[in-house]
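Here my numbering is used: the first residue of the sequence shown is 73, the next is one more, and so on.
Okay, structure first, notes after.
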Amino acid sequence: IHLHNAHTASESDGIPQDFFNPGEFWDHHYANFLAGFDSKEAMATLWYHDHRLDFTAPNVYAGLTGFYLLFNNRDSNNERDRSREAFRLPSGEFDVPLILHDVQFDQNGQVVWDFFNPGPVVGPEFRNTGNSQGTPNDFGPELQAYTTNGMMGDRFTVNRIIQPYFEVKKRKYRLRILNGGPSRLYTIFLHVVPVEGEPYDDYFTVISTDGNLLPRPLQKESISVWVAQRHDVIVDFSKYSAGDKLYLMNRLEMRSDGAGPSGRILEDGDGLMEFRVLAGDVVDPSRIPETMYELPKIDLTEVRRERLFVFDYDNGLWTINGRLMDPNRVDAAIEQGSAEIWTFRNAGNAWAHPVHTHFEEFQILEVNGKKIEETDVLYARKDVVTLGPGDEVKFFGRWRDFLGKHVMHCHNVVHEDHAMMIRWDIVPPGEGD
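Right, dumping it as structure tokens:
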């Protein structure tokens, strides 16, 4: 089991080759300490999931996932915290984790994952229908066949419930949104259907990305949530009227084979979840802070070397630098305590890759040659790089504290299971490649 984004020693990282058989066990030690013992490396919204070599996708799809939330003296899980350091973010019942999965069901209502039979399966097929009210979608005659490109579900689920509703009080809520996969990417809007007046889109207050609080909150009309990514957003329902309904709307159209987005943002899209505003005013002691965590400073004089990783496709399998995953091969030997610059390049013009590096986070320097602005949600500590068709992303990272083996891989878990992964090791100083 991998604790995603945790600064965890190799033997407890849940890497794919460390599997155990039925009736056996593997102890994991989650120390919950900060990388480099640096207070600027504080984490918040983590998650855990299965990481079995070649079988991560069906195991995650079957439900072996969950949130793992961390708190500290600033993000203290207490909106009434009297400490001057405390952010007083919405807490308790007003701090709501939401994990997104799209799932296929057969005609008997059973979850389908048939990767041994590439042909059609009897049952419905997902279709974008412009359904803005969060009700179930229309269906066609067949389920999409499994391919090595990805898997598209015929039902949207939130916390494993098909397009649920949630009754909210007139106050601020912290919504922790996680894309649990297996392959679908989302661009999510906040769509308001008031009791009186015309429907409209409102904004999110984004406070976190990939489990890390931002330097300052950002107001955004939409958020992109690729597989394994997390965004914490605050929605203030006090400005809406009783009876108003709000929807998390996905408007990103995907290719039918699941390999990546089509490039279109739909006008309507599909409702993932409905919020129903209740009557009555309530006391709300929570707040949205003006500033949160300053980013660790980047010192380019620390950089020992640079590396390029090219993500490509070869005869039905997904490759990194032209190679398939080999758990016994070390593709990068990184010296303990050093810094490096990595560049991820997507060689494809039609597919997308959400790429995750274990153990250490990083800060993005450039996307397609352009520097990251402070008003961008990418101006943050990250653990997932989003590679769209033809994209190239350069980032800075430090490798600290523990020696041992780790991995980097595409988090479209179907791509991961079809060999789009490498092993990298942290080695003693002087033993790096």
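Don't be surprised by glycine CBs; every beta carbon is placed ideally from N, CA and C.
- Counting along the chain, P287 sits inside the beta strand (DSSP E) bounded by residues N284 to K292.
- Per DSSP, P130 is one residue of the alpha helix (DSSP H) stretching across T128 to A134.
- If you check the CB distance, L318 and L262 come in under 9 Å.
- In terms of CA proximity to D153, D356 leads the group D356, E270, P88 and M345.
- According to DSSP, residue pairing for S296 in a beta bridge involves T259.
- Only exposed fits T373, as fewer than 16 other CB atoms lie within 10 angstroms of its CB.
- DSSP places D489 in the uninterrupted alpha helix (DSSP H) bounded by V485 to D489.
- Note: Q435 is bridge-paired with R453 and F468 in the DSSP secondary-structure output.
- DSSP places G138 in the uninterrupted beta strand (DSSP E) bounded by T137 to L141.
- By the Cβ-count criterion, H101 is exposed, with fewer than 16 other Cβ atoms from all chains shown falling within 10 Å of its own Cβ.
- CA-to-CA, the gap between V479 and G469 works out to about 15 Å.
- The C-alpha of Q291 is placed about 23 Å away from the C-alpha of G164.
- Counting C-beta atoms within 10 angstroms of its own C-beta, V183 has fewer than 16 neighbours from the protein chains shown and is therefore classed as exposed.
- Only buried fits I279, as 16 or more other CB atoms lie within 10 angstroms of its CB.
- For E239, the three-state secondary structure derived from DSSP is strand.
- T80 and L136 have their C-alpha atoms spaced approximately 19 Å apart.
- Judged by their CB atoms, V132 and G252 are nearer to each other than the 9 Å cut-off.
- Across the structure, H121 and Y275 are spaced so that their CA atoms are roughly 30 Å apart.
- For E268, there is no enclosing beta strand (DSSP E), as DSSP marks it with neither H nor E.
- Minimum Cα-Cα distance from E239 among the listed residues G352, G181, S296 and G269 corresponds to G352.
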